[in-house]
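Position 50 of the sequence shown, counting from 1, maps to 32 under the numbering used here, and the rest follow consecutively.
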Amino acid sequence: MGADKKSGMDDPDLELIKARKMKKLREQLASKEKDKINLEHQNKTNKDKSEGIDAERNFLLHYLYDRGDEVLKLAEQQFPLQTKILIRKLNELIRFGEISKISAGDLLAVYRSIGLNIRVDTQISISDHGKTISFSDKLKQSSDADQDAEGLL
-17 MGADKKSGMD DPDLELIKAR KMKKLREQLA SKEKDKINLE HQNKTNKDKS
33 EGIDAERNFL LHYLYDRGDE VLKLAEQQFP LQTKILIRKL NELIRFGEIS
83 KISAGDLLAV YRSIGLNIRV DTQISISDHG KTISFSDKLK QSSDADQDAE
133 GLL
């Protein structure tokens, strides 16, 4: 019977080990909860920032004209971080009444003034006998005509 009584009673060392394990498990659980809360907060902050940038961009789009939206899109592709900052600054100037409208040329000039050269695809078109052709095609036609004229001489 003495052995049964002793096994029924918990050993103090065993209780200490169980207490340590429980404490460790509680700390791990608390750490996971804290990480989860931090991750949720970070995701919310990133979402808010993203929504804020979209709202700022949409605000600026209302003040762009003459293909300014195309220049802004190219700028976002080529210089995304700098463009986010520039959008905020331009919006501040608009809100303070310093700027009323921004053309594509003006926007390009702003970027170039801060050292960012935005690459814009350009095409020159010429109206020739009622139809529009590219400048390079016109040059090819004229050089072909020149070669034909030289061949006749």
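By construction, the Cβ of each residue, glycine as well, lies at the ideal position given by its N, Cα and C atoms.
- Note on A12: under 16 other CB atoms within 10 angstroms of its CB, so exposed under the neighbour-count rule.
- Residue state for S85 is assigned as strand, using DSSP reduced to three classes.
- For I67, DSSP records no beta bridge to any residue.
- Beta-bridge annotation (DSSP): Y47 is paired with S85.
- DSSP links S109 through a beta bridge to T114.
- In the displayed model, F41 falls within a helix according to three-state DSSP.
- Around the beta carbon of A37, fewer than 16 other beta carbons lie within 10 angstroms, which makes this residue exposed.
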